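The opening residue of the sequence shown carries number 1 in UniProt numbering; numbering runs sequentially from there.
All residues carry an ideal CB built from backbone N, CA and C; glycine is no exception.
Here the structure is a predicted model, which means the values were calculated and not measured.
Notes to accompany the following structure.
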Amino acid sequence: GGCAVSVSCLQESALFSKVDYRQKAAAAGRIPTNYLRRELGSTDKEILTSRVIDRSIRPLFPGGYFYDTQILCNLLAVDGVNDPDILAINGASAALALSDIPWNGPIGAVRVGLVDGETVINPTRKQMSASALNLVVAGAPQSQVVMLEATAENVLQQDLCHAIKVGVKHTQLIIQGIQQLVKERGVVKRTGQKLFMAPEEIVECARKLASSKIYAVFTDSSHDKISRDEAINKIRLETEEQLKEKFPEAEPYEIMESFNVVSKDIFRNLVLNEYRRCDGRDLTSLRDIKCEVNMFKMLHGSALFQRGQTQVVLCTVTFDSLESSVKSDLISTVVSGIKDKNFMLHYEFPPYATNEIGKVTGMNRRELGHGALAERALKPVIPPDFPFTIRVTSEVLESNGSSSMASACGGSLALMDAGVPVSSAVAGVAIGLITKCSQEKGDIEDYRLLTDILGIEDYFGDMDFKMAGTNKGITALQVDLKLPGIPIKIVMEAIQQATAAKREILHIMNQTLAKPRPNRKESGPVVETIHVPLSKRLRFIGPGGYNLKKLQAQTGVTVSQLDEETYSVFAPTPSAMHEAREFIGEICKDDQEVNLEFGAIYTATITEIRDSGVMVKLYPNMTPVLLHNSQLDQRKVQHPSALGLEVGQEIQVKYFGRDPTDGRMRLSRKILQAPATTTLKTLTDKNSIVLGGAVPQTSSSSH
1 GGCAVSVSCL QESALFSKVD YRQKAAAAGR IPTNYLRREL GSTDKEILTS RVIDRSIRPL
61 FPGGYFYDTQ ILCNLLAVDG VNDPDILAIN GASAALALSD IPWNGPIGAV RVGLVDGETV
121 INPTRKQMSA SALNLVVAGA PQSQVVMLEA TAENVLQQDL CHAIKVGVKH TQLIIQGIQQ
181 LVKERGVVKR TGQKLFMAPE EIVECARKLA SSKIYAVFTD SSHDKISRDE AINKIRLETE
241 EQLKEKFPEA EPYEIMESFN VVSKDIFRNL VLNEYRRCDG RDLTSLRDIK CEVNMFKMLH
301 GSALFQRGQT QVVLCTVTFD SLESSVKSDL ISTVVSGIKD KNFMLHYEFP PYATNEIGKV
361 TGMNRRELGH GALAERALKP VIPPDFPFTI RVTSEVLESN GSSSMASACG GSLALMDAGV
421 PVSSAVAGVA IGLITKCSQE KGDIEDYRLL TDILGIEDYF GDMDFKMAGT NKGITALQVD
481 LKLPGIPIKI VMEAIQQATA AKREILHIMN QTLAKPRPNR KESGPVVETI HVPLSKRLRF
541 IGPGGYNLKK LQAQTGVTVS QLDEETYSVF APTPSAMHEA REFIGEICKD DQEVNLEFGA
601 IYTATITEIR DSGVMVKLYP NMTPVLLHNS QLDQRKVQHP SALGLEVGQE IQVKYFGRDP
661 TDGRMRLSRK ILQAPATTTL KTLTDKNSIV LGGAVPQTSS SSH
C-alpha cells in the first residue's frame, strides 16, 4: 500500500491543529457507490484513525507551540492484505521530521497481534482475523512509549505486557530509518519562532500573590468539582487584576498562563511531595461507586453508574432485528476489512454534563472516540450468535473523570439487565500520572500514579491511561500522554494498578447484578422463523411484495429471508408477533396443499371463465390456478367458451409440477387428448406454511 502525507503550518498564532486521514476509493480500485460517485464526508474509521495519528504525534510538539498545523494523510494504494493505518502514522512522523516545523520526533508505530499465543508484528488482515489482540504501539527514541491503543479478546495481563515490550522494540527500527532520512536530507528546523510561554518574572509574581490561596483550595477535600472551580476562578480573577497593574505591557495570554503555571505546580507538588489528592483520597483509592439497574421498566435494559460526587452515566440497551445492524460501505470493506456489526455503543456528552451551555450538534470526534473505546471494551463478551442487533447508548449526565470507562461499566450492567448472556462482567478505570522531570535533560526523576482520576487530575497530569476488562483479562486499552514519551516500566506499573482497581470495581458491580438475567424482559422483542414452501412463496409474499409490505406496515414486524424456504420474523413486542401470526394465518388459511404426483391425472373443477383460460381447483380449499387457453385443447383456442366449458364443470388435467421461479402449478388438458395410459390419482396429505421454525415432512401420495 501507499500513503501520501502532507504537513502545513502557518507562521501566525492560532489554536487550530488537526489530522485528517482519508481513504480514497481509487486506492482500492473502486468507484464510490454514493449518488455523486465521489468521496464525501469522513467515515467513522477515518475519524478514529485520524485521532490515533493525532494522539501519537501531538505530545512531541514543544510547549507553547500554538500555530495552525494540519496533517493530511491520503491513501494512494491499498493491497487488501495489510491495514494502512500504521503506514499513515509512520508517514505523518516522517513528514513532520522532514519539515522545518519544530517537533521533537520522530516516532515509530507498529501493530502487534497475538496469534496462537505468539506475538506477530504488523500482522496481515487474515492473521488479524485469528488474533486475540489488536495493539497499536507508538514509540519514541530510547524505547519510550508515546501512545497505546488496544482491543483484546480477554487477553491475560502478562501477554499484553509482553506484546507492548515487543512492539516498542520494533518501533525503534522505524525511528532509526526516519532519523537516517532526516540526516541525508540535512533538515534544518525553523528558528526564531515565538513560543507562547509565560515569562518567569510574571510567574514568580503570581506565585507570591496566589500560591497560599490556591494551596488552601486544593487541600480542602470538602470541595466538589463546581465549588472548587468557582473558588479557583475567584482567585484567578483577583490575581490577574493585580498582575495587569504590575505588568501593564504584558500580553493577556502571558497573564493567564502565569496563573495556570502556578496552579499546576501547586497541584502537582501536592501529589508528588505530600501524596495528597484534592478530594482527600490516597493515590490508589477509588471514589465511592453506586450502581442501579432496571431504571425504566419499558426499556429492554438500563443501568445507572455513579462514581464519586459528580460522575453519572445512564446506559440503555435496545434490541432490534439483524437487519438493523451497521452496514459497512464498499470502500471501507476493501480498504480496512470492516464488516457489518450487530453490536454498537453510542456515547453522548451534552454540555450540561460539565455545567456549561453549548450548541448541541451531531456527534463530534471526541464522542465518537470515547464511544468506540467503550464499545471495544464490551464487544469481546457479547455472544457472536445473539439473534438481535444490540445498541447501547451511554448518556453522560454529569462528568468529572473518565466517562468512557464509566460507560463500559454502565454498559456491562445494562447488558446483563437486558438478559444478554455476556461471558463476563466488564469494568474500566482511568490511571493518571504526575511526574517530576530534571531541568537539564528532561528525564523523569520521580513520578506518582493515580487511580481513578478526576477531571482536574487529567487536566494537570501527564497521562490518561484507560483500561477495561473482566476478572480474567483485558478487553480494551487506550493511553494518551502529554509527555514526549514515558519508560515501559511506568506503563507496566500502570497496568498492574489498573488491574487491581478493575477487580475492586467488578466486586462492587457484582453486588448489584452478578450475572445476566436468565430471561429477557416480557416487553422485549421476539424472533421466530417461518417455513414457506417454494410453492407457497408467491402466496406469502403477494404480488410485488404486497403482503409482506402490508404485514410490516400494520404490525411493525421486520421480515427477512434466511434461505430459499425460511424467513425470519422480528417483532418489537410479543403483541406485535401475535398480530403477525394472525395476519399470516389470514392470508394463508385457505392455502392447504396436497402432495401431488408429477405426471398424474387429476379431476379439476372450473371456478371461473376468463379470456385467457379457466381458473380451476383440484380440491375444495385450494386457491384457484389458471389453466391457460394454450393448454385446453390440441386446437388453438381463443376463448374457453369455444369448447363449451362452464363454471362448475369437472375436467381431467395432468400435473407437471411447479414453475421453479414463482411456484405456480403447471397443468395441462391438451396433453390428455394424445393417446396415453395413466392412473387417476386421489389426494391426501397436507403441506402448508408453518410459523415457528418446524419444517414439514413430505409424505408420498396414495393411489
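Nearest to residue i by CA position, among the options, is which residue?
i           : options                   : result
F386        : L415, L397 and L368       : L415
D220        : I174, N273, E200 and R277 : R277
residue 781 : F388, V429 and A418       : The structure shown does not extend to residue 781, since the chain is modelled only from 1 to 703, so the question has no answer here.
L667        : P123, Q649, M615 and L645 : M615
residue 709 : I671, G556 and D659       : Look at the range of the chain in this structure, 1 to 703, and you will see that residue 709 is not part of it.
G63         : C291, A231 and L195       : L195
I175        : K264, Q306 and A94        : A94
G139        : A132, N74, S285 and E149  : E149
N621        : T605, F583, A77 and L627  : T605
V479        : Q142, K45, L75 and V146   : V146
L538        : E254, D659 and R391       : D659
G358        : R365, P350 and M256       : P350
P484        : F61, G545, F66 and A231   : F61
G167        : R185, V155 and N134       : N134
I214        : N104, A28, E230 and R287  : E230
T475        : P487, A498 and G455       : A498
I488        : I444, A468 and V527       : I444
K327        : L481, T43, A303 and K169  : T43
G362        : L373, H370 and E348       : E348
Q638        : K617, E646, D611 and A571 : D611
D464        : D54, T470 and L450        : L450
K472        : N154, R22 and K18         : N154
Q673        : V647, L645, R635 and E240 : R635
E528        : F540, G544 and A571       : A571
With residue i as the anchor, note down where its beta strand (DSSP E) starts and where it stops.
i    : result
Y67  : Y67 to A77
D85  : No beta strand (DSSP E) contains D85, which is instead part of the alpha helix (DSSP H) from D85 to L98.
I434 : A427 to C437
R448 : I444 to T451
Any idea which residues DSSP pairs residue i with across the strands?
i    : result
Q478 : E149 and K466
T49  : Per DSSP, none; premise fails for T49.
S404 : None, per the DSSP bridge assignment.
T393 : T316 and H346
T561 : In the sequence on display, residue 561 carries Gln and not Thr. For Q561, which the question treats as bridged, DSSP gives the partners Y567.
T529 : S568
C3   : L75
K18  : Q70
E398 : V312
Determine the extent of the alpha helix (DSSP H) in which residue i is found, giving its start and end residues.
i    : result
A216 : E200 to F218
Q242 : K225 to K246
Q511 : I488 to T512
T361 : Here T361 belongs to no alpha helix (DSSP H), and DSSP marks it neither H nor E.
E457 : G455 to F460
N519 : Unbroken run through N519: none, as it is neither H nor E.
G585 : P574 to C588
F196 : Counting along the chain, F196 falls outside any alpha helix (DSSP H), and DSSP gives it neither H nor E.
T555 : Y546 to T555
L538 : R537 to I541
Are the stretch 458 to 471 and the stretch 107 to 126 in contact at 8 Å, needing three or more beta carbon pairs?
-> By the C-beta criterion, the stretch 458 to 471 is judged not to be in contact with the stretch 107 to 126, since fewer than 3 inter-stretch pairs fall below 8 Å.
Ranges of the alpha helix (DSSP H) found wholly within the stretch 271 to 358, counting only runs of at least 4 | Fully enclosed alpha helix (DSSP H) runs of 4 or longer: 330 to 336.
What are the uninterrupted segments assigned as beta strand (DSSP E) that are 3 or more residues long and contained completely in the UniProt domain "S1 motif" (599 to 670), given in chain order?
-> Under the rule that a run must span 3 or more residues, the beta strand (DSSP E) segments found entirely inside the UniProt domain "S1 motif" (599 to 670) read 601 to 609, 613 to 617, 625 to 628, 650 to 658 and 665 to 668.
For the stretch 94 to 179, which segments carrying the alpha helix (DSSP H) assignment without a break, of at least 4 residues, lie completely within its bounds, in sequence order?
-> Taken in chain order, the unbroken stretches of alpha helix (DSSP H) that lie wholly in the stretch 94 to 179 and span 4 residues or more are 125 to 129.
So, do the stretch 360 to 380 and the stretch 262 to 278 have three or more beta carbon pairs nearer to each other than 8 Å?
-> Output reads no: the stretch 262 to 278 does not touch the stretch 360 to 380.
Touching by the beta-carbon criterion (3+ pairs, under 8 Å), the stretch 313 to 327 and the stretch 553 to 560 | In this structure the stretch 313 to 327 lies against the stretch 553 to 560, because at least three pairs of beta carbons, one per stretch, are closer than 8 Å.
Stretch-stretch touch, CB-based, cutoff 8 Å, three pairs: the stretch 76 to 95 with the stretch 149 to 165 | Result no; under three Cβ-Cβ pairs closer than 8 Å.
Is the stretch 495 to 513 in contact with the stretch 427 to 447, if contact means three or more CB pairs nearer than 8 Å?
-> They touch, by the three-pair rule.
Would the stretch 65 to 80 and the stretch 24 to 34 be scored as touching if the rule is three or more Cβ pairs under 8 Å?
-> With the cut-off at 8 Å, the stretch 65 to 80 and the stretch 24 to 34 touch.
Three or more beta-carbon pairs under 8 Å between the stretch 391 to 406 and the stretch 419 to 426, yes or no?
-> No contact exists between the stretch 391 to 406 and the stretch 419 to 426.
Is there contact between the stretch 176 to 190 and the stretch 239 to 250, where contact requires at least three CB pairs shorter than 8 Å?
-> Output reads no: the stretch 239 to 250 does not touch the stretch 176 to 190.
Examine the Cβ distances between the stretch 547 to 556 and the stretch 513 to 524 and report whether three or more of them are shorter than 8 Å.
-> At 8 Å Cβ cutoff, the stretches do not touch.
Please confirm if the stretch 203 to 212 is in contact with the stretch 247 to 262, defined as three or more CB-CB distances below 8 Å between the two stretches.
-> Under the 8 Å Cβ criterion, the stretch 203 to 212 counts as touching the stretch 247 to 262, having at least three qualifying pairs.
Would you call the stretch 279 to 297 and the stretch 306 to 316 touching, i.e. three or more CB-CB distances under 8 Å?
-> The answer is yes - the stretch 306 to 316 touches the stretch 279 to 297, with three or more Cβ pairs under 8 Å.
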